[in-house]
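K.L.:
For reference, the structure I am asking about is given below.
Protein chains: 2
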Amino acid sequence: MKEFNIAFLGFGNVGSGAYKIINENGNKIFKREGISIKVKKILVRDVTKKRSIDIDASLLTNNIKDILDDPEISLIAEFIGGENPAKEYILSALKNKKTIVTANKEVMARHWEELEKTARQNEVGLYYEASVAGGIPIIKVVRESLQGNNINEIMGIINGTTNYILTKMSEEGRSFESVLLEAQKLGYAEPDPTSDIEGYDAMFKLSILSTLAFHTRVRVNNIYREGITNITTEDITFGKELGFSIRLLAIAKKLGNKIEVRVHPTFIPTDHPLASVRNAYNAVFIKGDAVGNLMLYGRGAGDLPTGSAIVSDIVNACSNQSKHIYSTLYNGDWKPDEILFNDNWETEYFIRMTVKDQPGVLAKIAGIFGKFGVSIASVIQKGRNGNSTPLIFVTHKARELSIANAINEIKKEDVVIRVENVIRVEQ
Amino acid sequence: MKEFNIAFLGFGNVGSGAYKIINENGNKIFKREGISIKVKKILVRDVTKKRSIDIDASLLTNNIKDILDDPEISLIAEFIGGENPAKEYILSALKNKKTIVTANKEVMARHWEELEKTARQNEVGLYYEASVAGGIPIIKVVRESLQGNNINEIMGIINGTTNYILTKMSEEGRSFESVLLEAQKLGYAEPDPTSDIEGYDAMFKLSILSTLAFHTRVRVNNIYREGITNITTEDITFGKELGFSIRLLAIAKKLGNKIEVRVHPTFIPTDHPLASVRNAYNAVFIKGDAVGNLMLYGRGAGDLPTGSAIVSDIVNACSNQSKHIYSTLYNGDWKPDEILFNDNWETEYFIRMTVKDQPGVLAKIAGIFGKFGVSIASVIQKGRNGNSTPLIFVTHKARELSIANAINEIKKEDVVIRVENVIRVEQ
Chain A
15 MKEFNIAFLG
25 FGNVGSGAYK
35 IINENGNKIF
45 KREGISIKVK
55 KILVRDVTKK
65 RSIDIDASLL
75 TNNIKDILDD
85 PEISLIAEFI
95 GGENPAKEYI
105 LSALKNKKTI
115 VTANKEVMAR
125 HWEELEKTAR
135 QNEVGLYYEA
145 SVAGGIPIIK
155 VVRESLQGNN
165 INEIMGIING
175 TTNYILTKMS
185 EEGRSFESVL
195 LEAQKLGYAE
205 PDPTSDIEGY
215 DAMFKLSILS
225 TLAFHTRVRV
235 NNIYREGITN
245 ITTEDITFGK
255 ELGFSIRLLA
265 IAKKLGNKIE
275 VRVHPTFIPT
285 DHPLASVRNA
295 YNAVFIKGDA
305 VGNLMLYGRG
315 AGDLPTGSAI
325 VSDIVNACSN
335 QSKHIYSTLY
345 NGDWKPDEIL
355 FNDNWETEYF
365 IRMTVKDQPG
375 VLAKIAGIFG
385 KFGVSIASVI
395 QKGRNGNSTP
405 LIFVTHKARE
415 LSIANAINEI
425 KKEDVVIRVE
435 NVIRVEQ
Chain B
15 MKEFNIAFLG
25 FGNVGSGAYK
35 IINENGNKIF
45 KREGISIKVK
55 KILVRDVTKK
65 RSIDIDASLL
75 TNNIKDILDD
85 PEISLIAEFI
95 GGENPAKEYI
105 LSALKNKKTI
115 VTANKEVMAR
125 HWEELEKTAR
135 QNEVGLYYEA
145 SVAGGIPIIK
155 VVRESLQGNN
165 INEIMGIING
175 TTNYILTKMS
185 EEGRSFESVL
195 LEAQKLGYAE
205 PDPTSDIEGY
215 DAMFKLSILS
225 TLAFHTRVRV
235 NNIYREGITN
245 ITTEDITFGK
255 ELGFSIRLLA
265 IAKKLGNKIE
275 VRVHPTFIPT
285 DHPLASVRNA
295 YNAVFIKGDA
305 VGNLMLYGRG
315 AGDLPTGSAI
325 VSDIVNACSN
335 QSKHIYSTLY
345 NGDWKPDEIL
355 FNDNWETEYF
365 IRMTVKDQPG
375 VLAKIAGIFG
385 KFGVSIASVI
395 QKGRNGNSTP
405 LIFVTHKARE
415 LSIANAINEI
425 KKEDVVIRVE
435 NVIRVEQ
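Top line first, the protein sequences correspond to chains A and B. Reminder that position 320 of the first sequence reads as 334 in our numbering, one-by-one numbering, no gaps. Reminder that position 268 of the second sequence reads as 282 in our numbering, one-by-one numbering, no gaps.
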């Protein structure tokens with residue numbers, strides 16, 4: 015039985031989840047795998063702080079050097095989160111020939127090349143299953159189960175906080191602000207919720223997923239990002255009437271050498287598999303040329319689900335020691351200059367406006383859409399609110415730029431009081 | 015770049031799917047993985063038969079010895095299907111130190127111990143991703159992503175034919191016979207559909223899945239099996255009214271050292287993730303103590319989806335050559351005599367009967383349920399068909415045996431014309 019000493023960086027939610035799993039299920043796991051794993055050191059900010067789980071004080075240190083310089087430690091699992099100092103710690107660990115298991119989406123998304131290169135040079139592993147979609151093993155599935163496929167499309171619900179908020183808004187008819195406040199009280203949303211509700215968290219994860227799936231580097235700044243703060247109950251109500259559910263989707267599509275990558279609120283048909291993903295659940299929907307449609311669904315956050323991914327990486331890293339498996343970035347299909355990132359993508363659009371309640375308005379606005387080559391699939395115009403009335407269009411497939419130009423011209427019309435929202439639709 | 019010569023046994027649907035993928039995407043895959051794979055020989059019954067895909071005639075042989083005795087061939091992928099002669103070929107191949115990739119659920123379900131033992135003794139690999147749920151990488155996920163979990167429950171839609179039939183019956187109000195006939199014409203059901211509609215196919219797959227998930231040997235004869243031939247449109251209609259969708263589920267549950275494994279038609283709530291699985295799609299829903307609920311959804315059959323699983327196994331087998339990963343059967347958690355297979359399980363039941371339309375019937379039947387400790391959750395009694403009327407009960411959780419005993423006594427009552435169906439309900 016091979017023995018491995020490992021260290022944790024950080025001991026918050028995810029770290030203590032992984033520790034619990036190793037404590038409770040470790041003996042069985044290790045027996046099956048023929049290995050033995052011992053957590054030898056844990057880096058924490060405050061070694062005297064009272065912990066929610068019982069832990070031998072001698073394991074704790076606040077000095078990273080105790081870990082980096084310990085030749086017995088062959089693997090480090092990082093759960094500090096955020097870019098700094100996590101990136102420096104990871105890089106130093108790789109240089110000291112220690113395999114890395116990380117849950118850090120931001121560091122992976124921003125510094126993939128440098129980390130992978132350093133790992134290869136030092137012949138150690140770099141594992142990051144927990145960085146995307148918590149307990150859902152999407153990284154391993156893309157890397158080691160879909161090798162035979164050209165993956166052409168990914169649509170993911172990869173941020174649980176926003177999915178929780180949108181589910182509550184949809185099912186209980188409540189406002190964004192009210193649900194956010196509740197989510198913060200329940201601990202589902204951070205005191206500063208920006209990273210979730212503005213789509214940064216999903217953007218980091220999409221960068222990792224699409225880089226892996228398309229075998230080429232998709233950087234954070236290649237991704238269009240729009241959060242959910244402008245979604246109202248009116249949008250949701252009219253969307254339902256049209257057969258749509260709202261989700262914050264992370265979308266990556268490849269067509270020839272063109273890639274589009276975007277995170278934004280999206281209407282999907284209510285019978286789409288992703289529409290059944292409620293509350294804080296995550297799901298990733300993939301289209302491959304061989305496998306067809308594939309979806310993985312599960313818990314995208316939480317101590318034990320994310321801990322499950324961490325422990326899986328640790329066990330695989332120790333078992334694979336003789337042959338670490340890397341992402342395929344450095345022997346990818348394309349050279350960077352062969353790729354075109356396309357932000358004038360083609361999709362369908364839900365456009366909600368408030369117009370004056372007078373004859374000829376519909377014809378005038380439809381005329382402007384027509385002028386920009388935007389064809390209309392359905393319209394809702396009803397109710398009389400006195401002087402104004404809501405008017406909703408759903409378009410056939412149109413270009414992002416055509417829609418933007420049409421909206422600009424529509425806004426100039428006297429009969430148009432406000433263009434309330436534009437929400438993309440994916441079928 | 016390491017070079018591998020491989021052989022195929024069989025060249026039907028799955029074999030030609032795998033061949034197509036290797037032909038079309040092989041160069042990219044192999045470049046990324048740093049390996050080179052060549053199909054050197056293909057065993058077919060008739061070497062002169064016209065094939066749907068273009069293939070060099072010199073690759074074809076009808077003599078298994080040309081493959082087993084070729085020292086250059088290090089891996090054999092088997093798609094013959096059925097127990098014999100596939101099992102003998104696989105065993106001989108392993109003894110000749112050739113790694114096996116198989117799609118053969120029956121051989122794995124029936125002969126796992128012998129195959130795994132022979133593979134270990136000969137230090138070659140045994141891969142069987144394609145044996146369960148086609149393109150869905152459920153074997154690898156259970157084996158290499160959920161190691162940290164005690165898996166306590168699996169519920170799977172793992173037979174596409176029956177799911178197609180039940181979907182059509184539910185959505186179009188058509189009879190089992192009519193939809194089966196259509197499915198046979200479309201090639202979704204075999205000319206002899208027994209293996210699918212009577213649940214044998216799902217039973218083999220459940221044996222593999224539960225053996226793997228519970229780290230103990232679950233044999234075919236441990237599994238309760240019931241097909242879908244008795245499901246009627248009446249069952250489906252009343253089920254809908256109660257908020258249920260019907261599926262043929264493969265269920266495995268572990269409680270302490272008790273295991274229950276069963277394949278039968280099942281009502282599930284319409285908002286259960288498995289209820290969104292329509293037509294020929296498959297899905298596997300797993301509960302782990304760390305990961306929580308996890309579901310994988312995709313195509314469970316077809317040349318390219320199953321080919322995707324085959325190619326993934328081939329690539330992994332060649333890449334892992336230095337360290338093959340086996341199932342954990344031989345270092346499992348339990349000794350066989352520590353396990354109790356429980357067939358007196360506890361679940362909820364939908365019971366549909368036709369009774370005489372006269373006062374006191376409901377009280378009488380409810381009384382019998384009460385006598386056997388079966389508590390009723392809901393009842394539907396309505397319509398007057400002259401002398402007879404349908405009467406439907408849904409029970410709270412009850413034991414299989416209590417239900418059987420209650421039904422036996424109910425059948426003896428004069429007021430009961432027929433007990434039409436008993437369908438288990440899972441929440």
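For each residue, glycine too, the CB sits at the ideal point set by N, CA and C.
With a cut-off of 8 Å, do at least 3 Cβ pairs link the region 318–325 of chain A to the region 32–43 of chain A?
P.N.:
Touching, yes, given that three or more Cβ pairs across the two stretches are closer than 8 Å.
K.L.:
Under DSSP, the beta strand (DSSP E) around Thr-251 of chain B begins and ends at which residues?
P.N.:
Sequence index remark: in the second sequence, residue 251 of chain B carries index 237 (1-based). Looking at the DSSP string, Thr-251 of chain B is not in any beta strand (DSSP E); the run it does join, the alpha helix (DSSP H), is 247–255.
K.L.:
Where Lys-385 of chain A and Lys-254 of chain B are concerned, what is the direct C-alpha to C-alpha distance, given to the nearest angstrom?
P.N.:
Translated into the one-based positions of the first sequence, residue 385 of chain A becomes position 371. Translated into the one-based positions of the second sequence, residue 254 of chain B becomes position 240. Cα-Cα distance, rounded: 47 Å.
K.L.:
Could you check the C-alpha separation between Leu-354 of chain B and Glu-47 of chain B for me, to the nearest Å?
P.N.:
Here residue 354 of chain B refers to the residue found at position 340 when the second sequence is read from its first residue. Here residue 47 of chain B refers to the residue found at position 33 when the second sequence is read from its first residue. Their backbone Cα atoms lie some 44 Å apart in a straight line.
K.L.:
If I measure Cβ to Cβ from Phe-44 of chain A and keep anything under 7 Å in the same chain, skipping five residues before and after, which residues do I get?
P.N.:
Your numbering for residue 44 of chain A matches position 30 in the first sequence. Once the five neighbours on either side are set aside, the close Cβ partners of Phe-44 of chain A are Ser-50 and Ile-51.
K.L.:
What are the complete beta strand (DSSP E) segments, minimum 3 residues, inside the region 279–349 of chain B?
P.N.:
295–302 and 306–313, all fully within the region 279–349 of chain B.
K.L.:
List the DSSP bridge partners of Gln-395 of chain A.
P.N.:
Counting from one through the first sequence, the residue named residue 395 of chain A turns up at place 381. Paired residues: A:Leu-405.
K.L.:
Going by beta carbon distance, what residues of the same chain come within less than 6 Å of Phe-25 of chain A, once the five residues before and after it are set aside?
P.N.:
The sequence position of residue 25 of chain A within the first sequence is 11, counting from 1. These residues qualify, in order along the chain: Ile-56 and Val-58.
K.L.:
What separation, rounded to the nearest whole angstrom, lies between the Cα atoms of Gly-257 of chain A and Pro-283 of chain A?
P.N.:
Here residue 257 of chain A corresponds to residue number 243 of the first sequence, with the count starting at 1. Here residue 283 of chain A corresponds to residue number 269 of the first sequence, with the count starting at 1. One C-alpha to the other measures close to 6 Å.
K.L.:
Is the distance from the Cβ of Thr-361 of chain B to the Cβ of Arg-438 of chain B below 7 Å?
P.N.:
Within the second sequence, numbered from 1, the residue matching residue 361 of chain B stands at position 347. Within the second sequence, numbered from 1, the residue matching residue 438 of chain B stands at position 424. Result yes, Cβ atoms of Thr-361 of chain B and Arg-438 of chain B sit closer than 7 Å.
K.L.:
Hey, quick one: how far does the beta strand (DSSP E) through Lys-111 of chain A stretch, first residue to last?
P.N.:
To locate residue 111 of chain A, count along the first sequence from 1; it is residue 97. Lys-111 of chain A -> no beta strand (DSSP E), and no H or E assigned at all.
K.L.:
Leaving out five residues on either side along the sequence, give the residues of the same chain with a beta carbon under 6 Å from the beta carbon of Glu-17 of chain B.
P.N.:
Here the question's residue 17 of chain B lines up with position 3 in the second sequence. Correct list, in chain order: Ser-50.
K.L.:
If you scan the region 98–142 of chain A from start to end, which runs of the beta strand (DSSP E) of 3 or more residues do you find wholly inside it?
P.N.:
Listed in chain order, the complete beta strand (DSSP E) runs (minimum 3 residues) inside the region 98–142 of chain A are 113–116.
K.L.:
Measuring straight from C-alpha to C-alpha, what distance separates Val-454 of chain A and Val-305 of chain B?
P.N.:
There is simply no residue 454 of chain A to check, as chain A begins at 15 and stops at 441 in what is shown.
K.L.:
Based on Cα-Cα distance, which residue from A:Leu-223, A:Glu-186 and A:Lys-301 lies nearest to Asn-163 of chain A?
P.N.:
Here residue 163 of chain A corresponds to residue number 149 of the first sequence, with the count starting at 1. The option with the nearest alpha carbon to Asn-163 of chain A is A:Lys-301.
K.L.:
Measure how close the beta-carbons of Pro-279 of chain A and Ile-242 of chain A come, nearest whole angstrom, since I'm counting them as under 8 Å.
P.N.:
As a working note, residue 279 of chain A is residue 265 in the first sequence. As a working note, residue 242 of chain A is residue 228 in the first sequence. About 5 Å separates the two Cβ atoms, so the contact holds.
K.L.:
Going along the chain, which residues of the region 37–53 of chain A sit with their C-beta nearer than 9 Å to a C-beta in chain B?
P.N.:
Going along the region 37–53 of chain A in chain order, one finds Glu-38, Asn-39, Gly-40, Lys-42, Ile-43, Lys-45, Arg-46, Glu-47 and Gly-48 with a Cβ nearer than 9 Å to chain B.
K.L.:
Between which two residues does the alpha helix (DSSP H) containing Ile-94 of chain A stretch?
P.N.:
Mapped onto the first sequence, residue 94 of chain A falls at position 80. Counting along the chain, Ile-94 of chain A falls outside any alpha helix (DSSP H), and DSSP gives it neither H nor E.
K.L.:
Go through its chain and collect everything with a Cβ distance to Tyr-202 of chain B's Cβ below 7 Å, but skip five positions before and after it.
P.N.:
Start at 1 with the first residue of the second sequence, and residue 202 of chain B comes out as number 188. Hits under 7 Å: Thr-175, Tyr-178 and Ala-294.
K.L.:
Consider the Cβ of Gln-161 of chain B: report whether some Cβ of chain A lies at a distance smaller than 7 Å.
P.N.:
Here residue 161 of chain B refers to the residue found at position 147 of the second sequence. It does; some Cβ of chain A falls within 7 Å.
K.L.:
In the DSSP assignment, the beta strand (DSSP E) including Ile-49 of chain B goes from what residue to what residue?
P.N.:
Counting from one through the second sequence, the residue named residue 49 of chain B turns up at place 35. From DSSP, the beta strand (DSSP E) with Ile-49 of chain B extends over 49–57.
K.L.:
So, for Leu-116 of chain B: in the same chain, excluding its five sequence neighbours on each side, which residues have a beta-carbon less than 6 Å away from its beta-carbon?
P.N.:
Numbered from 1 along the second sequence, position 102 holds the residue referred to as residue 116 of chain B. The sequence shown places Thr at residue 116 of chain B, not Leu. Contacts found: Glu-92 and Tyr-142.
K.L.:
Would DSSP call Gly-174 of chain B helix, strand or coil?
P.N.:
Working through the second sequence from its first residue, we reach residue 174 of chain B at position 160. Gly-174 of chain B falls in the helix class under three-state DSSP.
K.L.:
Please state the DSSP three-state secondary structure of Tyr-33 of chain B.
P.N.:
Start at 1 with the first residue of the second sequence, and residue 33 of chain B comes out as number 19. The answer is helix: DSSP assigns Tyr-33 of chain B an H, G or I state.
K.L.:
From Val-388 of chain B to Thr-368 of chain B, what does the alpha carbon distance come to, in whole angstroms?
P.N.:
Residue 388 of chain B sits at position 374 when you count from the first residue of the second sequence. Residue 368 of chain B sits at position 354 when you count from the first residue of the second sequence. Whole-angstrom Cα-Cα distance: 19 Å.
K.L.:
Determine the closest residue to Asn-401 of chain A out of A:Ile-36, A:Asn-136, A:Val-436 and A:Pro-373, with distance taken between C-alpha atoms.
P.N.:
Counted from its first residue, the first sequence places residue 401 of chain A at position 387. Out of A:Ile-36, A:Asn-136, A:Val-436 and A:Pro-373, A:Pro-373 has the C-alpha closest to the C-alpha of Asn-401 of chain A.
K.L.:
Please name the residue in A:Val-53, A:Ala-123 and A:Ala-377 whose C-alpha comes closest to that of Ile-87 of chain A.
P.N.:
Taking the first residue of the first sequence as position 1, residue 87 of chain A is located at position 73. Checking every option, the nearest Cα to that of Ile-87 of chain A belongs to A:Val-53.
K.L.:
Out of A:Gly-95, A:Ile-67, A:Ile-94 and A:Lys-109, state which residue places its alpha-carbon closest to the alpha-carbon of Pro-85 of chain A.
P.N.:
By one-based count along the first sequence, residue 85 of chain A stands at place 71. Nearest option by C-alpha distance: A:Lys-109.
K.L.:
I need the DSSP call for Met-15 of chain B, collapsed to helix, strand or coil.
P.N.:
Reading the second sequence from its first residue, position 1 is the one you call residue 15 of chain B. DSSP places Met-15 of chain B in coil when its eight states are reduced to three.
K.L.:
Unbroken alpha helix (DSSP H) runs of length 4 or more, entirely within the region 195–226 of chain A: which are they?
P.N.:
Listed in chain order, the complete alpha helix (DSSP H) runs (minimum 4 residues) inside the region 195–226 of chain A are 208–211.
K.L.:
Suppose contacts are defined by Cβ-Cβ distances below 7 Å. Is Val-298 of chain B in contact with Ile-152 of chain B by that definition?
P.N.:
Walking along the second sequence from the start, residue 298 of chain B turns up at place 284. Walking along the second sequence from the start, residue 152 of chain B turns up at place 138. The answer is yes: Cβ separation under 7 Å.
K.L.:
Check each residue of the region 312–329 of chain A: if its Cβ is closer than 7 Å to any Cβ of chain B, include it; give the result in chain order.
P.N.:
From the region 312–329 of chain A, only Gly-312, Arg-313, Leu-318, Pro-319, Gly-321, Ser-322, Val-325, Ser-326 and Val-329 have a Cβ closer than 7 Å to chain B.
K.L.:
Under 7 Å between the Cβ atoms of Ile-250 of chain B and Met-183 of chain B?
P.N.:
Your numbering for residue 250 of chain B matches position 236 in the second sequence. Your numbering for residue 183 of chain B matches position 169 in the second sequence. Contact: yes.
K.L.:
Measuring alpha carbon to alpha carbon, tell me which of A:Glu-167, A:Glu-186 and A:Glu-185 ends up nearest Leu-269 of chain A.
P.N.:
Taking the first sequence and counting its residues from 1, one reaches residue 269 of chain A at position 255. Ranking A:Glu-167, A:Glu-186 and A:Glu-185 by Cα distance to Leu-269 of chain A puts A:Glu-167 first.
K.L.:
Take Phe-22 of chain B as the anchor and find which of B:Glu-158, B:Ala-100, B:Ile-165 and B:Tyr-363 has the nearest alpha-carbon.
P.N.:
Position 8 of the second sequence holds residue 22 of chain B. Closest option to Phe-22 of chain B, Cα to Cα, is B:Ala-100.
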